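Protein chains: 2
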Amino acid sequence: MSVWDRPEPPSRPVPLDRERIVAAAIALADEGGLAAVSLRKLAARLDAGPMRLYGYIATKEELFDLMVDAVHAEILPEERPGDWREALRTLAHRTRRAALRHEWLADLLGGRPTLGPNGLAVTEATLAALDGLADIDTAMRAAETVSAYFIGAIRREIAHLRAERATGLSERDWQRASGPHITRMLATGRFPALTKAVYDGTDVDAETSFATGLDWVLDAVAARLTRPPE
Amino acid sequence: MSVWDRPEPPSRPVPLDRERIVAAAIALADEGGLAAVSLRKLAARLDAGPMRLYGYIATKEELFDLMVDAVHAEILPEERPGDWREALRTLAHRTRRAALRHEWLADLLGGRPTLGPNGLAVTEATLAALDGLADIDTAMRAAETVSAYFIGAIRREIAHLRAERATGLSERDWQRASGPHITRMLATGRFPALTKAVYDGTDVDAETSFATGLDWVLDAVAARLTRPPE
DNA sequence: AATGCAAAAATACAGTGTATCGATATGAGA
DNA sequence: TCTCATATCGATACACTGTATTTTTGCATT
Chain A
1 MSVWDRPEPP SRPVPLDRER IVAAAIALAD EGGLAAVSLR KLAARLDAGP
51 MRLYGYIATK EELFDLMVDA VHAEILPEER PGDWREALRT LAHRTRRAAL
101 RHEWLADLLG GRPTLGPNGL AVTEATLAAL DGLADIDTAM RAAETVSAYF
151 IGAIRREIAH LRAERATGLS ERDWQRASGP HITRMLATGR FPALTKAVYD
201 GTDVDAETSF ATGLDWVLDA VAARLTRPPE
Chain B
1 MSVWDRPEPP SRPVPLDRER IVAAAIALAD EGGLAAVSLR KLAARLDAGP
51 MRLYGYIATK EELFDLMVDA VHAEILPEER PGDWREALRT LAHRTRRAAL
101 RHEWLADLLG GRPTLGPNGL AVTEATLAAL DGLADIDTAM RAAETVSAYF
151 IGAIRREIAH LRAERATGLS ERDWQRASGP HITRMLATGR FPALTKAVYD
201 GTDVDAETSF ATGLDWVLDA VAARLTRPPE
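Line by line, the protein sequences are chains A and B. Under full-length UniProt numbering, the first residue of the first sequence is numbered 1, with each subsequent residue one higher. Under full-length UniProt numbering, the first residue of the second sequence is numbered 1, with each subsequent residue one higher.
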């Protein structure tokens, strides 16, 4: 054995911290979905044994929480936008785009309360945007309603997107996308309104549809913000 | 050995079908959450070997789809209610109540397109309620917006409920619920609006909050239904 | 240089979804 | 009624999971 092919010395333990761990976990999830995040694979990426991670995170669920919080840092806009409506719209769209970058986010969104610093900062930004425009209770209701909408909308969109991808790229919405199954179902005549919608509906791109629904919800919120602040 | 303690004869294979399997899976999930649904445990409940299930379902994901579709049968109301608003409200509330009966539903809601017969029937009922009140595209947008709202709202509510349960029953919303962590965070002064909301906000019960947000969204929908049908 | 200690690695365990293969029971044909 | 083919079911197996426990290691201090 020459000096050239001397085996790598056993790599000195790389210093670890939550940030590095979470970043690696996010990378893993981006590549292969949440299911690809196993503590063994994650540790391997960090040149560590699996058990080493337990010095930094207590459980896998906690790791997921940290991942979500890390993405919330991407969601938070750098400068505060003009009016409340713009602020809320921006937050919603940024969340959506984050979910398109990190599809696994859709699996976690709304699944657990977001109590990390960045998650709280997003909530803070939402409530701050509404501050002074209505009493606190109305503001909270508004924040919750808007975020309920975009959590649901994002989950639906990602679910849809995955289904399309799984059945092979299908241009038309999902009639022939989901294969003969759907068409057969519709052919039974038990779903007339749905059938009409599928065949006669214009399919708009996901972003527009998201934005439209969001605008409706924001309109609804606007209608309650007329009351003066307490 | 007397006739009395003769061992049970090897139980003849109980006839199986998807319905029985799904019912057992739902029972299991109701008791211990989605995580408690393993093919081994499920098979054991049905006096069968694990592999036997694969004659009826292709994969565990498919089992989950079937479970969701079965619950959609509970969601579908028996008689069609009066106007569109009542119809949509009823569907939302029935979905919520189903999720309170079957908390695991919150984990699955919106996670995959609902293409089963009962899921389709629910979509059909939604669209049918809007039929004739607007053009198809508006109706679809309305249906999607409303269901996005309640999917998100239900997920948040269940997540919140679980968090409360985990930290021990805490009456006050989540300030001291999440233990010292939250209070410490709020004490940093980095979240003034949030702090005010937590301390000065009235905490309303979950059902009311769900209903209120839903009404806002329904108002927004109503504002778009003025246009005559195509 | 020896010793104590903290940190990391190895091992272990109980469980998972699912592929493969061997036994077995059932129905058909002779 | 007996034999054989076939479909069904169970057992076994595999690669992996999250995590508890035990063993080894390397470093700092005496």
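Even glycine gets a Cβ: it sits at the ideal position worked out from N, Cα and C. Values in this document were obtained by computation on a predicted structure and should not be read as measured data.
{"Asked": "Residue-chain proximity (residue 233 of chain A, chain B), Cβ-Cβ < 8 Å", "Found": "Outside the displayed range of chain A (1 to 230) lies residue 233 of chain A, so it cannot be described from this structure."}
{"Asked": "DSSP state of D83 of chain A mapped onto helix, strand, coil", "Found": "coil"}
{"Asked": "Three or more C-beta pairs below 8 Å linking the segment 180 to 187 of chain A and the segment 45 to 61 of chain A", "Found": "no"}
{"Asked": "Cβ neighbour criterion (16 or more within 10 Å) applied to Y199 of chain A", "Found": "exposed"}
{"Asked": "DSSP-derived helix/strand/coil call for T104 of chain A", "Found": "The residue asked about is misnamed: residue 104 of chain A is Trp in this sequence, not Thr. It is helical."}
{"Asked": "C-beta contact flag for N118 of chain A and H160 of chain A at 8 Å", "Found": "no"}
{"Asked": "Given M67 of chain A as reference, the closest of A:E124, A:W104, A:R96, A:A206 once Cα atoms are compared", "Found": "A:W104"}
{"Asked": "Interface partners of D131 of chain A on chain B, CB under 9 Å", "Found": "P192, A193, K196"}
{"Asked": "Alpha helix (DSSP H) segment containing G32 of chain B, residue limits", "Found": "18 to 32"}
{"Asked": "Short CB-CB distance (under 8 Å) between V217 of chain A and chain B", "Found": "yes"}
{"Asked": "Inter-residue Cα distance where the pair is E171 of chain B and E157 of chain B", "Found": "Here E171 of chain B scores only 47 on pLDDT, less than 50, and its place in the model should not be relied on; the value that follows carries that caveat. Approximately 15 Å, taken between the alpha carbons."}
{"Asked": "Contact with chain B by residue 245 of chain A, beta-carbon distance below 8 Å", "Found": "No answer is possible for residue 245 of chain A: the residues shown for chain A start at 1 and end at 230."}
{"Asked": "Beta-carbon proximity list for R155 of chain B, same chain, < 7 Å, skipping 5 on both sides", "Found": "A106, L109"}
{"Asked": "Own chain partners of T126 of chain A with C-beta closer than 8 Å, once the 5 adjacent residues on each side are dropped", "Found": "A87, L88, L91, A143, V146, S147"}
{"Asked": "Burial state of A187 of chain A (16 or more Cβ within 10 Å)", "Found": "exposed"}
{"Asked": "Partner residues on chain B for M140 of chain A, Cβ-Cβ distance less than 8 Å", "Found": "A197, G201"}
{"Asked": "Rounded straight-line distance, which links the Cα of E31 of chain B to that of R94 of chain B", "Found": "21 Å"}
{"Asked": "D205 of chain B classed as buried or exposed, judged by whether at least 16 other C-beta atoms fall within 10 angstroms", "Found": "exposed"}
{"Asked": "Candidates B:L34, B:L120, B:L115, B:D137: closest to R190 of chain A by CA position", "Found": "B:L120"}
{"Asked": "Length of the line joining the Cα atoms of E207 of chain A and V217 of chain A", "Found": "15 Å"}
{"Asked": "Residues of its chain near A43 of chain B, where Cβ-Cβ distance is below 7 Å and the 5 sequence neighbours each way are ignored", "Found": "G49, P50, R52, L53"}
{"Asked": "Contacts that G110 of chain A makes with chain B (C-beta to C-beta distance below 7 Å)", "Found": "G152, R155, R156, A159"}
{"Asked": "Own chain, CB closer than 6 Å to T212 of chain A, minus 5 neighbours either side, in chain order", "Found": "none"}
{"Asked": "Cβ neighbour criterion (16 or more within 10 Å) applied to D83 of chain B", "Found": "exposed"}
{"Asked": "Chain B within 8 Å of residue 231 of chain A, Cβ atoms only", "Found": "In the structure as shown, chain A starts at 1 and stops at 230, and residue 231 of chain A therefore has no counterpart that could be examined."}
{"Asked": "Under 8 Å between C-beta atoms of L28 of chain B and A35 of chain B", "Found": "no"}
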